[in-house]
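Residue numbers (the numbering used here), protein chains in the order written: chain A, 14 to 209; chain B, 21 to 264.
Okay, structure first, notes after.
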Amino acid sequence: MIKKIIFQLVFFSFLLEKKVFAAESGGMPQLNPEFWVSQIFWLTITFGILYIVLSKLILPKISANLESRKSQISDNIEAADKQREESEAKLKEYEEIVNKSKNEAKNIFNQAREKALKDINLKRDVLDKQIDEEIKKAEDEINQLRKGAPEKINKIAIETASELIQKLIGAEVNNSSISAIVDDLSKRNGDKYYGN
Amino acid sequence: MAANPMTQFEVYRIGPEIKIGAFDISFTNASLFMVVSTLAILIIFNLGSKKNSILPNKLQLLAELSYSFVSKMIGDTAGSKARPYFAFIFSLFMFVLFCNMFGMIPYTFTVTSHIIVTFMLAAFIFIGVTIIGFIKHGFGYLKLFVPSGVPAVLLPLIVVIEIISYLSRPISLSVRLFANMMAGHTMMKVFGGFVISLGIVGGWLPLSFSVALTGLEILVAFLQAYVFAILTCIYLNDALNLHH
């Protein structure tokens, strides 16, 4: 209902307006040629000035600004890339150095160990040799002693036997006969006395 | 109350009458808004291009976005050969846009609502494009009227149609802009008049229409400037890269 009233009002008012137009207007002012030349003149002037100033002064500046920004940004990106590459290279270098020094440390350690082992071996060898020599010497001495022992014992036995006989019998016995008997005895029983 | 919606289009003299010979070139309200638009464009773009910072301020951003917008528009429609005409199309787009937009402010005058202004622009473009076409292609430019792949029987008809369509370019270009601007502003004035005549009771409906129309007209103001510029680019494309 309200809508209808509003529409009617709009419609009627349009009619009213139209009547007013008819009374007042003399057509479109656009078609009145009175100021056409003036409009053409001022359009030429203003648009001409606009075009000249824009094309000679302002647009090149904007274009340069855009270009410089573009180049600056790309430069910065390039610099950033470069720096990243550099830092990566440095990181690699650093890792290499660390690895190298690790290897070096290992080498030094190994060398030191080898050297120590060598020293120890050398010293042990020397000591072994010395010990062997000493043992040999001792063995030689023992052997010599052992070799010399039967003769001495035979001698003692011969002297003891001759003195015993002298004391017991009171007669002097020829030493050579006693030594023959002792030799014979020692030969027969030598193994029993001196065997190992 | 300005009851007649056409009175807003009336041109009147501001200041003294200036005459060169028989021609009246007095400074009018139309001239005033041409000057205002031009000055506004120059001031905005001058401020927008003054400083060159990596992070642009608002005006610089506006200037650079407009630059890349028009640049992209030309590149898309007319290709790289249209580069020398960039400044002209940029000026044209900005001039039409600013004139349209200034017309949206109440009590202002819309320069582009006058057929003589739009027709002068369109005629200039038409003549310029035609000259460029003949310079680039010589008489080969006339091949524009002979589309390839058309049966020979139809050719006379097609050529006539093509010639008529070519010759009507300045008219269609100028009338499109002029009619859009005039119709929009007239409609807004009519609805504004309704608000007054229907008063506090019935005025709300046309008022809401008026508000909606203002938004629409701002859109149209931009769109018509864009259409004007892009059609210029297309005509330029025909002249630069003869496709037919």
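Ideal Cβ positions, reconstructed from N, Cα and C, are used throughout, including at glycine.
This one's a predicted model, so the numbers in the text were calculated from it and none came from an experiment.
Buried or exposed: Lys32 of chain A, going by 16 or more other Cβ atoms within 10 Å of its Cβ? Per-residue confidence for Lys32 of chain A stands at a pLDDT of 45, beneath the threshold of 50, marking its modelled position as unreliable; no derived number is given.
Within 8 Å of chain B by C-beta, residues of the segment 84–115 of chain A in sequence order: Gln85 and Ile86
Answer yes or no: does any C-beta atom of chain B fall closer than 9 Å to that of Gln43 of chain A? Using a Cβ-Cβ cut-off of 9 Å, Gln43 of chain A counts as an interface residue toward chain B, since at least one Cβ of chain B sits closer than that to its own.
Beta-carbon spacing of Arg196 of chain B, Gln244 of chain B below 9 Å: yes
Cβ of Ile63 of chain B within 9 Å of Cβ of Met114 of chain B? no
Identify every run of the alpha helix (DSSP H) within the segment 176–260 of chain B, keeping only runs that are complete inside it and at least 4 residues long; order them along the chain. 189–222 and 224–260
Do three or more CB pairs link the segment 97–105 of chain B to the segment 92–112 of chain A at distances below 8 Å? No contact exists between the segment 97–105 of chain B and the segment 92–112 of chain A.
By the criterion of Cβ-Cβ separation under 7 Å, what are the contact partners of Ala107 of chain B in chain A? Tyr64, Leu67, Ser68 and Leu72
When you compare the segment 145–165 of chain B with the segment 173–184 of chain A, are there three or more beta-carbon pairs, one atom per stretch, that lie closer than 8 Å? no
Rounded to the nearest angstrom, what separates Ile53 of chain A and Leu141 of chain B at their Cα positions? Distance from the CA of Ile53 of chain A to the CA of Leu141 of chain B, rounded to the nearest whole angstrom, comes to 9 Å.
Closest Cα partner of Ser133 of chain B within the set B:Arg103, B:Ala107 and B:Phe53: B:Phe53
Step through the CB atoms of chain A and report whether any lies within less than 9 Å of the CB of Gly148 of chain B. Against chain A, the CB of Gly148 of chain B has no partner CB under 9 Å away; the residue lies outside that interface.
Identify whether Thr97 of chain B lies in helix, strand or coil by the three-state DSSP scheme. helix
Partner residues on chain A for Leu174 of chain B, Cβ-Cβ distance less than 7 Å: By Cβ distance, chain A contributes nothing, its closest Cβ being about 38 Å from Leu174 of chain B, past 7 Å.
For the alpha helix (DSSP H) containing Tyr64 of chain A, list its first residue and its last residue. Trp49 to Val66
What do you get for Glu81 of chain A, buried or exposed, if any count of 16 or more other CB atoms within 10 angstroms of its CB means buried? The question names Glu, but residue 81 of chain A in the sequence shown is Ser. Label assigned to Ser81 of chain A: exposed.
Is it buried or exposed for Asp197 of chain A, if we count other Cβ within 10 angstroms and need 16 for buried? exposed
For a contact meaning CB atoms closer than 7 Å, what does Ile53 of chain A contact in chain B? Contact of Ile53 of chain A with chain B by beta-carbon distance below 7 Å involves Ile136 and Met140.
Gly123 of chain B, enclosing alpha helix (DSSP H) - first and last residue: Phe106 to Gly123
Whose C-alpha, out of B:Thr58, B:Ile216 and B:Gly41, is nearest the C-alpha of Val131 of chain B? B:Thr58
Using a Cβ-Cβ cut-off of 9 Å, state whether Ala77 of chain A counts as contacting chain B. Cβ-Cβ to chain B under 9 Å: yes for Ala77 of chain A.
Does DSSP put Lys39 of chain B in a helix, a strand or coil? Residue state, collapsed to three classes: strand.
Compare the C-beta of Glu47 of chain A against all C-beta atoms of chain B and say whether one is closer than 9 Å. Taking a beta-carbon distance threshold of 9 Å, Glu47 of chain A counts as an interface residue toward chain B.
Alpha-carbon spacing of Phe122 of chain A relative to Glu147 of chain A, whole angstroms: 37 Å
Inspect the beta-carbon positions of Gln80 of chain B and Asn89 of chain A and report whether they are closer than 9 Å. no
Answer yes or no: does any C-beta atom of chain B fall closer than 9 Å to that of Phe60 of chain A? yes
Run the CB neighbour count on Ser114 of chain A, radius 10 Å, all protein chains shown included, and call it buried at 16 or more, exposed below. Exposed is the call here.
What residues in its chain sit with their C-beta under 6 Å from that of Val10 of chain A, if we drop five residues either side in the sequence? Because residue 10 of chain A is not part of the residues shown, which for chain A are 14 to 209, the question remains open.
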